[in-house]
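Engineer:
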Amino acid sequence: MTHTNWRDISYLKRGTETQQRAFAVLNKHNILESLAAFDPVLVSTVCVDLDIEGSDLDIICCHRNIDAFIATLVSTFGNYPGFRQWDRKSDHEEMVTSFHADDFEVEIYGSIVPVNAQFAYRHLSIMEQVLKIGGEPLRNQVRALKISGLKTEPAFAKVLGLPGDPFAAFLDLERLSDTQLKELIRKSA
Numbered sequence: 290m291t292h293t294n295w296r297d298i299s300y301l302k303r304g305t306e307t308q309q310r311a312f313a314v315l316n317k318h319n320i321l322e323s324l325a326a327f328d329p330v331l332v333s334t335v336c337v338d339l340d341i342e343g344s345d346l347d348i349i350c351c352h353r354n355i356d357a358f359i360a361t362l363v364s365t366f367g368n369y370p371g372f373r374q375w376d377r378k379s380d381h382e383e384m385v386t387s388f389h390a391d392d393f394e395v396e397i398y399g400s401i402v403p404v405n406a407q408f409a410y411r412h413l414s415i416m417e418q419v420l421k422i423g424g425e426p427l428r429n430q431v432r433a434l435k436i437s438g439l440k441t442e443p444a445f446a447k448v449l450g451l452p453g454d455p456f457a458a459f460l461d462l463e464r465l466s467d468t469q470l471k472e473l474i475r476k477s478a
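Throughout the sequence shown, residue numbering follows this note's numbering, covering 290 to 478 in sequence.
1) May I have the straight-line CA-CA distance separating Leu413 from His389, to the nearest angstrom?
2) If you follow the alpha helix (DSSP H) that Ile474 is part of, which residue opens it and which one closes it?
3) In chain order, what are the residue ranges of uninterrupted beta strand (DSSP E) at least 3 long that sit wholly in the stretch 353-395?
4) Among Val448, Val419, Asn429, which one has its Cα closest to the Cα of Arg464?
5) Using only the alpha-carbon positions, how far apart do Glu382 and Gly367 sit?
6) Of the residues Asn429, Asp380, Val330, which one's Cα is nearest the Cα of Val395?
7) Span of the beta strand (DSSP E) holding Ile349?
8) Going by DSSP, what residue range makes up the alpha helix (DSSP H) through Asn294?
9) Tell me, please, which residues DSSP counts as bridged to Tyr398.
10) Would you say Cys351 and Val402 are within 8 Å of each other, going by their C-beta atoms?
11) Do Leu339 and Lys471 have their C-beta atoms within less than 8 Å of each other?
12) Between the stretch 430-445 and the stretch 455-463, do three or more beta carbon pairs fall short of 8 Å?
13) Check each candidate in Leu451, Met384, Arg296, Arg377 and name the one with the smallest Cα separation from Thr361.
14) With distances taken from CA atoms, which of Ser333, Gly438, Val332, Ile320 is nearest Tyr369?
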């Protein structure tokens, strides 16, 4: 099964109305280009057409120096409406920055962990794979649960009958083959 190259957002141009708006906003404000030194990747539910009203544009980054990362964010986006920053207590020097760009909230997360090893990147890749197999019926079930208030991974966990911590259980799907995923989806239907 082919996977989307998440580092190339051109797929958004051909997507849903929301994906096209996200592409336009990211380009208009040069958001990814401004973060190029930090390997930025859009990992929002917008990427896999699971966004709902109010979904934001989540971008993950990898930094080698948190002070340089923070300085770049402040100098580039500090004047945007709703700009705020906070750190997440961890061993990975995590920092989150949020602001509004046109009609989207943008949330930028930075860590010393390489982007493709971060949970958000891995979750997005799993979502894509599961949705390709489960199709629109699965997408509609997950979206309905999100509209009712569940976060994305707990919604998938509920639909697929995954036990335990929904975030960990969803990440465990990474180890399954397409055949095993098809069987899991078939059993949950």
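Glycine included, each C-beta is placed from N, C-alpha and C at the ideal position.
Note that the structure is a prediction, hence the values are computed from the model and not measured.
Structural biologist: Short version:
1) 22 Å
2) 467-477
3) If we require 3 residues or more, the beta strand (DSSP E) runs fully inside the stretch 353-395 come out as 373-377, 383-390.
4) Val419
5) 20 Å
6) Val330
7) 346-351
8) That residue, Asn294, is in no alpha helix (DSSP H); it is neither H nor E in DSSP.
9) According to the DSSP secondary-structure assignment, Tyr398 is paired through a beta bridge with Ile349, Val385.
10) yes
11) no
12) yes
13) Here the closest residue by C-alpha is Met384.
14) For Tyr369, the nearest C-alpha among the options comes from Ile320.
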